[in-house]
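Each number in our numbering comes from the position in the sequence shown (counting from 1) with 45 added on. Built from N, CA and C at the ideal position, the CB exists for glycine as well. A short worksheet on the structure shown next.
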Amino acid sequence: MRILLTGATGFVGSHCLEALAEIKGVEVIAACRDAGRVAPEFGGEIRVGDLRNKADVDRMLQDVDVVIHAA
Numbered sequence: 046m047r048i049l050l051t052g053a054t055g056f057v058g059s060h061c062l063e064a065l066a067e068i069k070g071v072e073v074i075a076a077c078r079d080a081g082r083v084a085p086e087f088g089g090e091i092r093v094g095d096l097r098n099k100a101d102v103d104r105m106l107q108d109v110d111v112v113i114h115a116a
């Protein structure tokens with residue numbers, strides 16, 4: 046299962062990212078505006094964009110099964 050987590054660099058999102066990354070069979074995709082703020086130990090995919098921009102959202106949602114909105 047591929048999960049897109051918005052707000053991955055915020056307080057709630059960063060804790061969700063850490064917990065989700067430990068679940069077997071789950072691929073977490075961190076969605077944020079600044080890839081440099083994602084926890085360095087996160088080794089998964091990062092999709093950079095702005096949720097206010099439809100083109101960014103469309104791109105971020107490609108090949109995703111679930112969205113967790115923490116932004």
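- Val102 has its alpha-carbon roughly 6 Å from the corresponding atom of Leu96.
- Residue pairing by DSSP puts His114 in a beta bridge opposite Thr51.
- With contact defined as three or more Cβ pairs closer than 8 Å, the segment 46-53 and the segment 72-83 are in contact.
- Contact between Arg78 and Val93 holds, since their C-beta atoms are separated by about 7 Å, short of 8 Å.
- The closest CA to that of Val111, considering only Glu86, Asn98 and Leu65, is found on Leu65.
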